[in-house]
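One structure is given below, encoded as structure tokens.
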Amino acid sequence: MSQSFETFVPTLKHQKLLATVEAIALEKDKVEDTITLKQATEDAVKYFEQYRYWSIDNAGIIFDRKTGLLWQEKKTVNNATEMKQLNLLGLQDWKFPTQGDVKTIVEDNNNHWRKNQNSYYLLGSSIIQLSENQAMWLDRDYPSTHNNTGYLILAINLYLKGKSTLQILKTFNKRKWDYKPYNVNAAVEISILHKNANIINQLSEKTYNYKPELSIAQVWQNIDYISSRLPKIDALKFTDVEQGMWEFFVPKALQGKYKKVQSKQFCRDRNPVLDIREANVAIDFGTSSTVVAIRKNGKDELLRIGMQEKDFAKDVITDQQYENPTVLEFLDLQNFLNEWQSESYRPLVDWDNIHCSHEARAALRNNNSNTKVVSSIFARLKQWALRNEQTAKVRLRDQQEYEYQLQPLTEYNPVKGQPIQIGKDYPQLDPIEVYAWFLGMTINWRERGIFLNYYLTFPVKYSNEVKARILAAFRRGLQRSLPESLIYDERFNEFSVEELASEPAAFAAAALERLEIEPDDGGVSYAVFDFGGGTTDFDYGFYRNPNDDEHDEGWDHVIEHFGSSGDQFLGGENLLENLAYLVFQANSSECNKKKIAFTKPLDAEVFAGSELLIAQTQAAYTNTTLMMSKLRPLWEAGKIDLDSKGTETFKLINKDGQTVDCEIAIKQDELIKFLENRIRQGLRDFFIAMNVAFKQQHQKLPELIHILLAGNSSRSRMVLGLLGRLDDEKSKALHQLLLADLAEIFEELPDLEIHLPLDADPKNAYAPTAKTGVALGLLRLCPGETLKVVNHAAEDNTDSPFQYFIGAFRRDTLQVAIHRGQTYQEWAELGKPLNGVLVMGYTTSSSAALENQVKRGDKGVFEQNLRLSGNVQGHKVFAKVLSPNEIEICTAQSLDDVHRQQTNNNRIIQLSI
């Protein structure tokens, strides 16, 4: 008797896995049986159809395959009465043959009744009976008939007539008849035929309602693969004394969730605490892609998330594989939601219902004209996080055409040290939490270990409120990727997800090291132009040696950064959305005619008639995404393929939800010109902000500034051309335009050492690049590391730096009163109201830092009419910064009155673009 072992398994997961694996095993059996049946059928039919005559059951019966008739081999019947009583092979209803039946036999030279090959005689007889009183001549009068009796009688049976070869073989087997080719000696071949016929009979009638016999290892080996397409668990993981399964470890608090199962194999449990790694995880959550970096034992590692199986199998790993697309693809949203809400920790989500990252983006790029697939892909996770409750209405549609409206992102934090409970107040679907969970499942893969300390970095302009919401989503998602049994150990209290540094500061930490730029006592000046998918961040600073106090504290080097700002709408994906918008605008007539709607980028201008075309619908979003996919090569490579007329036929979704063909003209030269002007404006703002930042912090410009280019978009030929790093004529012309801007910005231009975007190092897959540098740099800033970061903006304010220029208009020119980076809670005079109203202007453009550079009505300049109550004659309007997007205003006669709180019209103003 074989030994049986007891193993504790989590009940719900085991039930789901068992059902899944049983279904897979049955399906595998079906597939294998189908293949076996097909081969057996082909072989049996092929052999059976080689021979016309078959001897049946040694009962004196011959089966004629050509006619489907069973014939008596010899005469045993003398008259019609005996014919009616005949019972052969368990069959009744034997008959006389017809004239046609006889002709078919006698005219075959190989029939087995003929004694003489030169005659039609059967069994030596020249006459055969066709009925009780009619016979047929087989000699010189063939095939005539005459009235006669007493001659050769051979009974036939029509039982198999009209049946296919397969049906005939099944009948032979079902009736257990022995059969072989008549007068053929081929025992081996006949045995194979009978074996194949048995297979045909068995598999044709086989039902698949049985329970396959499965070991625990077979049930559990694919748990990581099912959810995240991670590799199958090796057999030794279940049995080796040094290994074991986290899921089989049962803390006292979870005993009610476990059940005993019997197994012929001893399976080991493993306390997940044993696999906790003393290492930090850095996450650069980007608009287009996300980078995950781990530092263990002083060595860096980058992770690939949501790879396709075929890519995991490749020997060559590219640096792009570590740039994990920030994308989700919803194939079956309802099934996913049921799975997602079924358990708090490591829910058994089926990858066939939702794809993440690389595979999701591959689906988009491989199906960029398929509206069903495009609609199911959510690629704006980070932009969605920035939306407020009024603008956050986003609808998802899966590939089953089920629609779901996302609720706004909220700051729903798990309670420190306590398990997550999926209750009615828990967010039903938070895409950022789901994405973070997928990241966590790969980070905390059982072959890598468990990590408890996570650090995220954010763009400089993100408010504390936005960052708190994103951090909360990551805390939930990452925590839910941990083994549940770990939650009940005291070490779980170490779990943390925190903000650390800004994205450009983190990049500087990695780039300065890779470029081998050494600090000095006075500080090496640098400026970061971080051109990403959603925004462009600017950051400026010094890289220096520690002073004596810092050295005594243990710091080896110091980064001081200040003047953080950026261009909110200069990002690769935003540029693509603007290109799509411009194409739709140029084809507004076709769009009107076909009832096509599209979305408007936040920084785009409306045009005449646009109110009929711009919409915030799933169809409009899908149309924009389709256009962006077509235009992507123009942004990334400078050209797209079109027909000779410069047009392309698109399948777009109209306002009735129908897919229609639209002939769209694309003027590439105009679109490239837009990109050049927009990037030039972004670089101009970067240098304006640089001039202001260094003068405010250092009172003067340094003699030399290292320009560090971060983000994949900084690889654009337009960026490099404008900065003078390319030698072709087009690039030289662009550079002259930027030089003219610099001459206007700087009284004396400092030396600018412009470093090319960091490329991959073929000798070190984990070397920082323009994209991975942020996450790898963040590892150098984690607690315990010896690189100190001094953020002067954080010293001045409790929130992110204020990003607006605010003032009033004089002669239609914005007179700036509050500047970017303004200290919070400091009152400043905006202007004097006229007739009880002050027209307040505001912008994020760095051009506002230059005197009289921003005009009323310029792109990116916004207004609010501040309507004031009471008698404000002789009063002025004052304002102070409360948060990155809020100011407080009041009216008073003087700033002294404001400080004495002798004010009116106090209110909070939300700034939005």
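Residue numbers (the UniProt record's numbering): 1 to 913.
Glycine included, each C-beta is placed from N, C-alpha and C at the ideal position.
If you're wondering where the values come from, they're calculated on a predicted model, not measured in any experiment.
C-alpha of His-355 to C-alpha of Ile-432: approximately 14 Å in a straight line.
Just so you know, the alpha carbons of Pro-519 and Gln-255 end up roughly 57 Å apart.
Counting along the chain, no beta strand (DSSP E) covers Thr-76, and no H or E run does either. Beta bridge pairing from DSSP links Met-628 with no other residue.
Lys-174 and Leu-652 have their C-alpha atoms roughly 58 Å apart.
At a cut-off of 4 residues, the continuous stretches assigned as alpha helix (DSSP H) that sit fully inside the stretch 365-429 are 371-375 and 381-386. Listed in chain order, the non-local C-beta contacts of Asn-271 below 6 Å within the same chain comprise Phe-249, local neighbours out to five positions each way being set aside.
Contact between the stretch 29-41 and the stretch 202-211 is present: three or more C-beta pairs spanning the two stretches fall below 8 Å. Residue nearest to Phe-687 within the set Ile-745, His-735, Ile-559 and Ile-56 is Ile-745 (criterion: CA-CA distance). For Val-660, there is no enclosing alpha helix (DSSP H); the enclosing beta strand (DSSP E) covers residues 659-665. In the three-state reduction of the DSSP assignment, Arg-480 falls in the coil class. The straight-line gap separating the alpha-carbon atoms of Asp-656 and Ile-596 is approximately 9 Å.
Bridge partners of Trp-137 according to DSSP: Ile-127.
In chain order, Asp-761 place their CB closer than 6 Å to the CB of Ala-767, counting only its own chain and leaving out the 5 sequence neighbours on each side. For Ser-119, the closest of Asp-603, Asp-139, Lys-84 and Ile-192 by C-alpha to C-alpha distance is Asp-139. In the DSSP annotation of this structure, the continuous segment of the beta strand (DSSP E) that includes Gln-910 starts and ends at 904-910. Collapsing the DSSP output to three states places Asn-222 in coil.
Contact between the stretch 453-465 and the stretch 283-290 is established, with three or more Cβ pairs separated by less than 8 Å. The three-state secondary structure of Ala-59, taken from DSSP, is coil.
Put simply, of Gly-638, Glu-863 and Thr-903 the residue whose alpha carbon is nearest the alpha carbon of Lys-876 is Thr-903. As far as DSSP is concerned, Ile-470 takes part in no beta bridge. Here Ala-187 is not near Val-77, since their CB atoms are 8 Å or more apart. The alpha carbon of Leu-737 has as its nearest neighbour, out of Gly-721, Pro-750 and Asp-728, the alpha carbon of Gly-721.
Contact between the stretch 623-638 and the stretch 360-376 is present: 3 or more CB-CB pairs across the two stretches fall below 8 Å. Residue state for Thr-81 is assigned as helix, using DSSP reduced to three classes.
Here the alpha carbons of Leu-642 and Ser-847 stand approximately 38 Å from one another.
Pro-325 carries a strand assignment under DSSP once its states are collapsed to helix, strand and coil. Less than 8 Å separates the beta-carbon of Ala-510 from that of Leu-776.
Gln-696: not part of any beta strand (DSSP E); member of the alpha helix (DSSP H) spanning 668-698, first to last residue. Of all alpha-carbon atoms in Gln-167, Pro-181 and Val-219, the one lying nearest the alpha-carbon of Asn-198 is that of Gln-167. Using a Cβ distance threshold of 8 Å, Leu-17 and Trp-246 do not count as a contacting pair. Straight-line spacing of the CA atoms in His-735 and Val-558 works out to 33 Å. Thr-36 places its beta carbon 8 Å or farther from that of Leu-193. If you check the CB distance, Tyr-804 and Leu-882 do not come in under 8 Å. Ile-640 and Lys-788 have their C-alpha atoms spaced approximately 46 Å apart. Taking the CA atoms as reference points, Ala-505 sits about 19 Å from Leu-570.
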